[in-house]
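Number of protein chains: 2
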Amino acid sequence: LTRETADLSGVLPSFGDVERAAARLNRWSVRTPLLEAHKLGVRLGYRLFVKAECLQRTGSFKFRGAFNRLSAMSEAERRRGVVAFSSGNHAQGVACAAQLLGVGAAIVMPADAPHIKIENTRGYGAEVVLYDRFTESREDIADGLVAERGATLIRPFDDALIVAGQGTTAMEAIEDAAAIGISFDVLAAPASGGGLIAGCALAGAAMSPKTRVYTVEPAGLDDHARSLRAGHRLGHAPEAQSICDALQATMPGEITFAINRELLAGGLVVSDDEVRDAMRVAFAELKLVLEPSGAAALAAALQGRIPGANSAVCVIASGGNVDAAFFAEVLDS
Amino acid sequence: LTRETADLSGVLPSFGDVERAAARLNRWSVRTPLLEAHKLGVRLGYRLFVKAECLQRTGSFKFRGAFNRLSAMSEAERRRGVVAFSSGNHAQGVACAAQLLGVGAAIVMPADAPHIKIENTRGYGAEVVLYDRFTESREDIADGLVAERGATLIRPFDDALIVAGQGTTAMEAIEDAAAIGISFDVLAAPASGGGLIAGCALAGAAMSPKTRVYTVEPAGLDDHARSLRAGHRLGHAPEAQSICDALQATMPGEITFAINRELLAGGLVVSDDEVRDAMRVAFAELKLVLEPSGAAALAAALQGRIPGANSAVCVIASGGNVDAAFFAEVLDS
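Residue numbers (my numbering), protein chains in the order written: chain A, 1 to 333; chain B, 1001 to 1333.
The following block contains the structure:
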């Protein structure tokens, strides 16, 4: 381990943590299918596999990490509940995991978040605490709930158990591929804080060391690609925008980057138009509903941008939580 | 067997034929996932499972029957090729199966069929023979090709091997449910000529005899529901219309109805608006792209129209081949 990560050595997850997460998640998470995109593979010249994580509980991989994190809590901790702040997939993942485990959950969400996301989170039985994005700090509100209730804050990515839970995504994909005699040249997944890709890299390094693992990010939000080149964590420009609403974290996490710096082959970048095209291809060829962030890795493959893709590539389609009106607009464009 | 079916006794498929189809299809067809619709199940008061057959090769279950039928051909027959007429899912199923097995395929399609369907069929390497719907008979053209080439006509449903292949859909669903301790009260699938439901009924009767099997049809095209009540085959009014373009066969098949009359519990009916609603629910809750016909059985469940649904129901989401513009229109409505 390099100097920056030395002080994290006690908290970094290992592949053993991914295996333990898989045991906890067994029968609770969906073992999402590894779908082969036959026609796209013919066009690309290699076998293309899509890990359809949009079919996961709550519509994204976030359920895995959240459930693993909450499962590891003591009875006393569970009684005091959990707190999270998120307007998106992490909120739903934590709320659903908490409901299944009988743990109280308070989710701090902006008052102007899309109504459907607030309703979905409430639909899993969570208490939604609304705040004003312009005058209040969600961190302060969450800290207040933690202090007042003794609740546990569930971070979206910079947590060893969250990373380990997300890693089960790649573990399943590598197992399912091995069962049909396939080992991946490359595994590619979108990155925001880097929890999914870090967990996948742990699984890849242990189970399929020849597989090169890449992040995929939208142009402008490519802080992982730049950080991996620089060898240390860099943020992206705060004014950068993308339709990939789940890939907006401003900088790689500490724990996640300590893993990713050691294990990843690099970072790939796609444009919003390329993501829209991948959403349309997923609709037409795969019959899957992907949200923009969930289509980013597929977009990289469709653009011929996966280095070292020779025989078989796995792209993780990480989520499918997209508004109907926006999806219709993408189909019509 | 009753009088009408007595002369078919030699050609009716058995559950053994479904098992043999499963062996032939192994590794060629997708073992499509049995997805639990958790939130919908809470609303409906029973566990709802969706067999996501839209994720099958070619986007519908039709690949199963076609591949099974072609696999059973002799080498001499394979050399002379196959012929089918269809503008929809059967065309793609036959073309893809033929390509995988190295068999030449000629598909007779109307010259004014949607361009995308013609292109998809050609994309599987099939020869597309266009005809004028208003002045020519597709049956005559297909018969001509059969006579001229010694090719084999692949019927869409009234064929024991086609029925047996489609039955593997329910076989997998019942197996996957048993693996998690579930047996279905009811299995419901859309019906056009009745091949899918007949195969599923064979699997259900052998593997899960307490499961009641129902057809689902669009209002006006409910010839199975009426035929099952009457005890003999009835057609639907020729002027009847529905957005369910894959459920337009005018009368139950002979072979299929001989099975269905003995094994089915009855026929359910849904409106086009109910089908549109089910397509939107599949989009939002399941992240699946369903064509109208593929959403019919889900629609019956969402309308509370499944008799005897107490603990667990399986609906077959039979296909996802839908134009982007139409899908966008459904999302926006």
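Note that CB positions come from ideal geometry on N, CA and C, so glycine has one too.
In chain order, LEU1070, VAL1094, ALA1098, VAL1103, ALA1105, ALA1151, THR1152, ILE1154 place their CB closer than 7 Å to the CB of VAL1082 (chain B), counting only its own chain and leaving out the 5 sequence neighbours on each side. Collapsing the DSSP output to three states places VAL1129 (chain B) in a strand. Between ALA201 (chain A) and ALA297 (chain A), the beta carbon gap of about 14 Å keeps them out of contact (Cβ cut-off 8 Å).
Counting the other CB atoms within 10 Å of its CB gives SER87 (chain A) a total of 16 or more, which places it among the buried residues.
For CYS1314 (chain B), the enclosing beta strand (DSSP E) has its first and last residue at 1312 to 1317. Interface criterion not met: the Cβ of LEU196 (chain A) is under 8 Å from no Cβ in chain B. Shown here for GLY41 (chain A): same chain residues with a beta carbon closer than 6 Å to its own, the five before and five after excluded, namely ARG47, LEU48 in chain order. Where PHE85 (chain A) is concerned, the enclosing beta strand (DSSP E) starts and stops at 82 to 85. Residue contact with chain A for LEU1055 (chain B): present (Cβ-Cβ distance below 8 Å to some residue of chain A). For ARG1280 (chain B), the nearest CB of chain A lies under 8 Å from its own CB, placing it at the interface with that chain. For ILE1243 (chain B), no beta strand (DSSP E) encloses it, and the DSSP letter there is neither H nor E. The Cβ atoms of LEU1302 (chain B) and ASP1277 (chain B) lie closer than 8 Å to each other. If you ignore the 5 residues before and after GLY253 (chain A), its C-beta comes within less than 6 Å of the C-beta of PHE157, ASP158, GLY193, GLY194, all in its own chain and listed in chain order. Partner residues in a beta bridge of LEU1012 (chain B), as assigned by DSSP, do not exist. Taking the C-beta atoms as reference points, ASP1185 (chain B) is found no nearer than 8 Å to ALA1284 (chain B).
The beta carbon of PHE1061 (chain B) sits no closer than 8 Å to any beta carbon of chain A. In the three-state reduction of the DSSP assignment, GLY41 (chain A) falls in the helix class, which pools H, G and I. With the rule of 3 Cβ pairs closer than 8 Å, the region 5 to 25 of chain A counts as touching the region 158 to 174 of chain A. For ALA111 (chain A), the CB contacts under 7 Å within the same chain, skipping 5 residues up- and downstream, are LEU130, TYR131, ASP132 in chain order.
The secondary-structure analysis by DSSP pairs LYS51 (chain A) across a beta bridge with A:LEU34, A:ILE316.
Along the region 1101 to 1175 of chain B, the beta strand (DSSP E) occurs as fully enclosed runs of 3 or more residues at 1105 to 1110, 1127 to 1131, listed in sequence order.
Cβ-Cβ distances below 6 Å link PHE327 (chain A) to nothing in the same chain once the five nearest sequence neighbours on each side are left out. Look at ARG1226 (chain B) here: in three-state DSSP terms it is helix.
In this structure, the beta-carbon distance from PHE61 (chain A) to SER293 (chain A) does not fall below 8 Å. The distance from the Cβ of ASN68 (chain A) to that of ALA164 (chain A) is about 6 Å, consistent with a contact at the 8 Å cut-off. Between GLU136 (chain A) and ALA126 (chain A), the alpha-carbon positions lie close to 21 Å from each other. Per DSSP, THR256 (chain A) is not a residue of any beta strand (DSSP E); the alpha helix (DSSP H) it occupies stretches across 254 to 263.
Put simply, the CB of LEU1264 (chain B) is far from chain A, with every gap to its CB atoms at 8 Å or more.
About 3 Å separates the Cβ atoms of GLY1199 (chain B) and GLY1167 (chain B), confirming a contact at the 8 Å cut-off. Annotation for THR121 (chain A): ALA91, GLN92, ALA95, ILE107, MET109, VAL128 place their beta carbon closer than 8 Å to its own, counting only its chain and skipping 5 residues before and after. Note on PHE85 (chain A): 16 or more other CB atoms within 10 angstroms of its CB, so buried under the neighbour-count rule.
The beta carbon of LEU1040 (chain B) does not come within 8 Å of any beta carbon belonging to chain A, so the residue lies off that interface. The contact set of VAL103 (chain A) on chain B, defined by CB atoms closer than 8 Å, is empty, because the minimum CB distance reaches about 17 Å. ASN1310 (chain B) is classed as exposed because its beta carbon has fewer than 16 other beta carbons within 10 Å across all chains shown. If you look at GLU329 (chain A), you'll find it in the alpha helix (DSSP H) that goes 324 to 332.
Using a Cβ-Cβ cut-off of 8 Å, PHE257 (chain A) does not count as an interface residue toward chain B, since no Cβ of chain B sits closer than that to its own.
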